[in-house]
Structure formats: C-alpha cells, structure tokens
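Here the structure is laid out as structure tokens; the discussion comes afterwards.
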Amino acid sequence: MNKKTFFILVFFGILHILFCMPQPNNKTDIRTMIVGIDSEIILADGTKTPAINFDNAATTPAFIQVVEDVIEKLAFYGSIGRGKGQKSEFSTAIFEQGRQKVLDFVGASPEKYTAIYVNNTTDGFNKLATALITSPEDIVLLSRMEHHANDLIWRHLCKTIYAAVDEKGRLILEDVERLLREHDGAVKFVSVSAASNVTGYVNDVHSIARIAHQYGAEIIVDGAQIVAHRAFNMHGANENEDIDYFIFSAHKMYAPFGSGAVIGVTERLNQHTPRFYGGGMVDVVTDDVETYLKAPERYESGTPNYLGVVAMLKAIDILKTEIGFEYIKEHEQLLLRKTIDGLKAIHGVTLYDDTNDISDKVGIVVFNIDGINSGDVAQMFADRSGIAVRQGAFCSHPYVFRLLGIPDEEIAQRMREPNFTMPGMVRVSFGVYNNEEEVDIFLQTVMEIISEL
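Each residue of the sequence shown is one higher than the one before, counting from 6 in the working numbering.
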C-alpha cells in the first residue's frame, strides 16, 4: 500500500467514526457530543481508565458536530474574499455571514457593533489595545483579578491603575468608581473580566459600564470565561450600560481550532488602526501612500482562519440552541455545590474563595492540599485517576498571590532563592459534559492522597 492510499483510508476512516457516532437526543446525552469522551489513558500503575477533564477553563474538547462541520466545509474551502471561484465565494459567504451569528450570540445590535475575527482572546486584546491606545500617557483601569491577557499589553502601552478585590476575591465596585473619580475624567478605558479564570466570579459588567461612562471612559470586557457558561448581552438596561468592546476565544467553548472574536462599537473601531499590518486590511497601496478599509477588514490582515471561524459558528449554535445556557448554569451549580461541600468535609484541604454563596460563580473551584505543592497534587490526580486539573497561578499571578495572602515583597524574596517554586493552587473547572460520577472519583482521589501523607 502506498502512502497516498494509506492516508486516503485513514481520512475516510475518521469520517466514518465521526459521522456514524450516535447523536444526542436530550441533555442527558451531552457526553456523547464530545470528541474523545471515552478515550483511555494509562495511569502510573499501568492500568487504563477513561480520562477526566477538569481543566475546561484552560481549554475545552471539541464538540463532535463542530468537527463534522469543519470537515464538511473543508471540502468546499477557497480563498476568503479574494477570488471569484465557486469555492472561494462559498467560503467567503459563510465567513462574512457568520459575523451576524457572532453578534447575535452576544446580543449585539448590528446597527451599533461590528464583529472582528481574531485567533484568541490574547490576540484580540493585543490588536484592540494597539489600535485604541494613542499615547503612553493614556490611562486604563483594570482590576486585580485580571488574566495576563488583559493586563500585560496595557502595561506596555500606557499607564495602568487597578481596582481592588475583597478578602474573598470579588471585585470591589466602589473602588472602580473611586479611581475613576480621583482621576477626574482622565481614564480612557476600563477593562475587566466578565468572569474570573481563577475563582469563577461573574462581574456585573453593565454596572461597571454605567460607572465608566459616567466618567467619560469606555469599557472593554474579557469574555473568555463567560461564553461557554452564561448568556451574554452587549446591551444593558439603557445605553449607558452598553458594553463598548467584548473579546472571547472559541477554544473555551468546544471549538479548539484557533479562533475568537472582538465585538466593538463600529464608529469607534473605524477611528483607529491596529499595529498589525498586511494584505486584506488595505484599500489602495501606492509607492508612498496606503489607505485602509473600515472595520472589520481593517483589523483582519493576512489570510484568515476560515476553519476556525466555521468551528466557532457551529459551537455557537450548539451552546445557544441545542443545549441552552439555563441548563448549563443549573448543571454547573450542581457540580460546584457537590465539589465544594465534598472538599469542605475533608480535613487537610484549604479552599480560597466563597464556598457558601456560589450564585455568582461559573464552574470553577480553587484549593490546595495542605503541605503539598500544587504541581505535585496535579500530577497525583493524573497518575492515580487520570484526572486533568490545572495547577499554579493560572496566568493571573497578582490575583492568586492575593488569595494566597502572599505580598509582593515575599514573592520577590522567594524568587531570589535557588530552588524557587511558583506559589499556586489547584483548579477544578467544569464543562457542560462533566458529571457527578466524575466528581465522586475526584473527591475519592483527594481523600486517598491525604490518607497517605
């Protein structure tokens, strides 16, 4: 058998597996919608077991229907926006019409907003920030709970100030307003997470928008941790509560093909240009002059990730229509309560956020097992039970250090030690497909680890 024949057989074998798998007919069958749900991994003792993924806040597996749609659309793939062939026009139509689906997903009026395709949330923040910031003296107000994607780029482009979090890690809205008031209209942007990737707290971004607009600032929302868990709407109770910019990644919503989106006020987007240049964003280029297209094309230089967009659009359909966010919220709250109560009952476990009122949390729990480094704990979960959790400081170091009660001076001192180990936590984060049986295995593993200390 030659290589060409071999790869053809493999390709059609994959198609057969994907298309012949049973499709769910109710919400109890959601696990059958996930690629690799029954994939077995090898434990430290050599036995095999189905993997348990409790690291969904980092990235999610793919929906089977997403993969199927990518393969189907791949058969008719052509250059986006740059050709007259039938495949090119087919792909371009899906790509462009998909913007409306993205706007609908976040309740954004097309009369006010534009959807821009990006690679992920970090890419979206970098492109947006380089467009919006016009002076190193510009001021951006962040919170102490932000992911590095919504922190580091601002630090490098302009001045940053930070609103505080309380002892349980929730953002203090009064501190947002205090900082805006003290800077007397000088803050240009307020940029905050819709939901924390560390504690899962959901921020009242529409109230923050109202406060920001009152002091002449625009609001940017990091939507990475909200889009797979709660319905989101760019519009608030009135125009003063509308969100100006919203950024999210598809790989956190069961479409891990390298896509995401920035939704922004069209008028404002057209007033700026990102510092990311190339073909596709320009109207005319001469020896000495270039003119730029309007948003969204102005922000999408280079050949776009068409298949990533296809995957994202299909994931939107599944989450919004087939599963529904009310079910997702209810299911996550069930798993959260069971996990938190189980951990609270185990001596030797320390939890770091609010373990009583979880109504404003998406499916995330952070904890430590006393006396064991978080990295070692994560390895034990993998070795013993095939459970994937996240360990460390989750690309939100200042927030995690605050929750751990470690001041910056102590971190600086520890970093000078030859055997420095990053302080951190263990994070459990749920997807819509996780179930109570997996939580039981997780809690049993915690008890086994502690019993052997």
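Cβ coordinates follow ideal geometry from the N, Cα and C atoms, glycine included.
Less than 8 Å between the CB atoms is what I'm expecting for residue i and residue j, so what's the real figure, rounded?
i: alanine 214; j: isoleucine 248; result: 6 Å
i: isoleucine 377; j: isoleucine 57; result: Not a contact, Cβ separation roughly 20 Å.
i: threonine 119; j: glycine 269; result: 6 Å
i: isoleucine 363; j: arginine 342; result: 7 Å
i: isoleucine 345; j: valine 370; result: 6 Å
i: phenylalanine 100; j: tyrosine 311; result: 6 Å
i: lysine 106; j: isoleucine 321; result: 6 Å
i: isoleucine 121; j: alanine 398; result: Their Cβ separation, rounded to whole angstroms, is 30 Å, which puts isoleucine 121 and alanine 398 out of contact at 8 Å.
i: leucine 133; j: valine 181; result: That pair is no contact at about 20 Å.
i: arginine 421; j: alanine 49; result: So it is not a contact: roughly 34 Å between Cβ atoms.
i: arginine 280; j: threonine 139; result: In fact, because the Cβ distance is near 11 Å, the residues do not count as touching under 8 Å.
Starting from residue i and walking both ways along the alpha helix (DSSP H), at which residues does that stretch end?
i: lysine 89; result: It is not in any alpha helix (DSSP H) - lysine 89 carries neither H nor E in the DSSP assignment.
i: valine 71; result: 69–79
i: isoleucine 321; result: 311–322
Under the rule that 16 or more other beta-carbon atoms within 10 Å means buried, what is residue i, buried or exposed?
i: glutamine 70; result: buried
i: lysine 349; result: exposed
i: leucine 79; result: exposed
i: histidine 234; result: buried
i: glycine 283; result: exposed
i: isoleucine 438; result: Per the sequence shown, the amino acid found at residue 438 is tyrosine instead of isoleucine. Buried is the call here.
i: proline 55; result: exposed
i: glycine 265; result: buried
i: phenylalanine 406; result: buried
i: alanine 67; result: buried
i: arginine 183; result: exposed
i: leucine 274; result: buried
i: asparagine 61; result: buried
i: lysine 53; result: exposed
i: asparagine 30; result: Caution is warranted here: a pLDDT of 45 is assigned to asparagine 30, below 50, making its placement in the model unreliable, and the coordinate value is therefore given only provisionally. Classification of asparagine 30: exposed, given that the 10 Å Cβ count is below 16.
i: leucine 458; result: exposed
i: isoleucine 454; result: buried
i: serine 368; result: Contrary to the premise, residue 368 reads as glycine rather than serine in this sequence. Under this definition glycine 368 is a buried residue.
i: glutamate 223; result: buried
i: asparagine 243; result: exposed
i: glycine 228; result: buried
i: serine 401; result: buried
i: phenylalanine 386; result: buried
i: arginine 303; result: buried
i: phenylalanine 81; result: exposed
i: arginine 432; result: buried
i: histidine 211; result: buried
i: isoleucine 411; result: exposed
i: serine 434; result: buried
i: aspartate 288; result: exposed
Taking the beta strand (DSSP E) that residue i falls in, what are its first and last residues?
i: threonine 165; result: 164–168
i: alanine 134; result: Segment 126–137 is the alpha helix (DSSP H) holding alanine 134; no beta strand (DSSP E) there.
i: aspartate 445; result: Here aspartate 445 belongs to no beta strand (DSSP E); instead the alpha helix (DSSP H) covers 441–456.
i: glutamate 45; result: 45–47
i: valine 123; result: 118–123
i: valine 145; result: 144–148
i: phenylalanine 372; result: 369–374
i: serine 53; result: Note on residue identity: the sequence assigns lysine, not serine, to residue 53. Start and end: 53–55.
Item to complete: Determine contact between the region 109–128 and the region 247–267, defined as no fewer than three beta-carbon pairs at a distance below 8 Å.
Response: yes
If we require 4 or more residues per run, which alpha helix (DSSP H) segments fall completely within the region 324–363?
330–349
Within the region 388–439, ranges of the alpha helix (DSSP H) (whole runs, at least 4 residues) | 402–409, 413–420
In chain order, which beta strand (DSSP E) runs of at least 3 residues are fully inside the region 154–238? 164–168, 192–198, 223–227
ask   = Between the region 158–177 and the region 329–344, do three or more beta carbon pairs fall short of 8 Å?
value = Remark: fewer than three beta-carbon pairs, one from each stretch, lie closer than 8 Å, so the region 158–177 and the region 329–344 are not flagged as touching.
- Which runs of the alpha helix (DSSP H) spanning at least 4 residues fall entirely within the region 253–299, listed in chain order? Counting only runs that start and end inside the region 253–299, the alpha helix (DSSP H) elements of at least 4 residues fall at 271–274.
So, does the region 287–295 touch the region 94–101, judging by three or more C-beta pairs under 8 Å?
no
Original post:
If we count Cβ pairs, one from each stretch, closer than 8 Å, do we get three or more for the region 183–197 versus the region 143–155?
Top reply: Pairwise C-beta distances place the region 183–197 in contact with the region 143–155, as three or more of them are shorter than 8 Å.
Cβ contact (3+ pairs, closer than 8 Å) linking the region 316–326 and the region 174–181 | no
| Stretch-stretch touch, CB-based, cutoff 8 Å, three pairs: the region 341–355 with the region 374–388 | yes
| task | Evaluate contact between the region 418–430 and the region 40–47, counting only Cβ atoms and requiring at least three cross-stretch pairs below 8 Å. | result | no
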